[in-house]
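Trainee: I'd like to ask some things about the structure below.
In mature numbering (1 follows the signal peptide of the UniProt record, and there is no 0), the protein residues as written are -24 to -1, 1 to 249.
See below:
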């Protein structure tokens, strides 16, 4: 077991009582009771056949004793230089004593928290990143046509986003950069594109395919639409604290729906004469 001394100041109240028991004029009696709970204090009672002619001084008072509970600290009391009210001029007289207690038990030392490394702070910065969700679009605008190339593209921003995190002594910045887009276009086809796609140029042959991101539907969506799910993949890197590194990627997702129609050609025979 470990012990640790603890010092405290207590007020000792000397209660002088008139005895009802016959006694010699110079005879007297006294008791001392000291407790630690609920607060450290000692009660000192002395008695004689009549009220004493002089007030006991701190030096005359017993040094004190530990409480009756064996689980309480062991204390020794001695006169204290602390001057407080009440004092020896009051009745009953009282004095301040200082208690030195030996506390017995395990002394728990808190485990210090290790400082975060730049890599750990980088993960905090990654959690602060808020890359935008994709906003998908297609050309032709509106309904798509079977066997006519559909140009797929994003109207949302395609640029890196950054966020920082700091702890005492270290600041780390994490950056998410868009790297690719995955289109699930609804007809059991997945299209992978390296960028946001290209908008359609009116001067371009409508039968030409997108140079960056596109798809050609081979069947119609009937009386419904094809659900489209678009996911941007973001590579995450960080720098700070004289170090740099990479973290797991982030993804953001957006949705839309395309109605795909089939263009029907009618062959009409010329009228006969």
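In this text, a Cβ means the ideal position worked out from N, Cα and C, and glycines have one as well.
Based on DSSP bridge pairs, tell me the residues matched to residue 168.
Mentor: Residue 168 sits at position 192 when you count from the first residue of the chain shown. Bridge pairing for residue 168: 158 [DSSP].
Trainee: Tell me the DSSP secondary structure of residue 122 in three-state form.
Mentor: Within the chain shown, residue 122 is the residue found at index 146, counting from 1. Note: residue 122 maps to coil in three-state DSSP.
Trainee: State the Cα-Cα distance for the pair residue 140 and residue 149, rounded to the nearest angstrom.
Mentor: Here residue 140 is taken as the residue at index 164 of the chain shown, counted from 1. Here residue 149 is taken as the residue at index 173 of the chain shown, counted from 1. Going from the Cα of residue 140 to the Cα of residue 149 covers about 4 Å.
Trainee: Following the continuous beta strand (DSSP E) through residue 141, name the residue where it begins and the one where it ends.
Mentor: To locate residue 141, count along the chain shown from 1; it is residue 165. 137 to 143 is the span of the beta strand (DSSP E), which, as asked, contains residue 141.
Trainee: Please name the residue in 176, 142, 134 and 185 whose C-alpha comes closest to that of residue 209.
Mentor: Working through the chain shown from its first residue, we reach residue 209 at position 233. Among 176, 142, 134 and 185, the Cα nearest to that of residue 209 belongs to 134.
Trainee: Just to confirm my understanding: we take residue 100, look at its own chain, exclude 5 residues before and 5 after, and list those with CB closer than 7 Å. What are they?
Mentor: Counted from its first residue, the chain shown places residue 100 at position 124. Correct list, in chain order: 141.
Trainee: What residue from 225, 127 and 108 has the CA that sits closest to residue 188's CA?
Mentor: In the chain shown, counting from the first residue as 1, residue 188 sits at position 212. Of the listed residues, the one whose Cα sits closest to residue 188 is 127.
Trainee: According to DSSP, simplified to helix, strand and coil, what is residue 112?
Mentor: One-based indexing of the chain shown puts residue 112 at position 136. If DSSP states are grouped into helix, strand and coil, residue 112 belongs with the strands.
Trainee: For the region 155 to 168 and the region 205 to 219, state whether three or more C-beta atom pairs, one from each stretch, are separated by less than 8 Å.
Mentor: By the C-beta criterion, the region 155 to 168 is judged to be in contact with the region 205 to 219, since at least 3 inter-stretch pairs fall below 8 Å.
Trainee: Report yes if the C-beta distance between residue 131 and residue 106 is below 9 Å; otherwise report no.
Mentor: For this step, residue 131 is matched to residue 155 along the chain shown. For this step, residue 106 is matched to residue 130 along the chain shown. Their beta carbons are not under 9 Å apart, which means residue 131 does not touch residue 106 by this criterion.
Trainee: Tell me the DSSP secondary structure of residue 94 in three-state form.
Mentor: Indexing the chain shown from 1 puts residue 94 at position 118. Residue state, collapsed to three classes: helix.
Trainee: Between 52, 173 and 233, which has its C-alpha nearest residue 199's C-alpha?
Mentor: For this step, residue 199 is matched to residue 223 along the chain shown. It is 233 whose Cα lies nearest to the Cα of residue 199.
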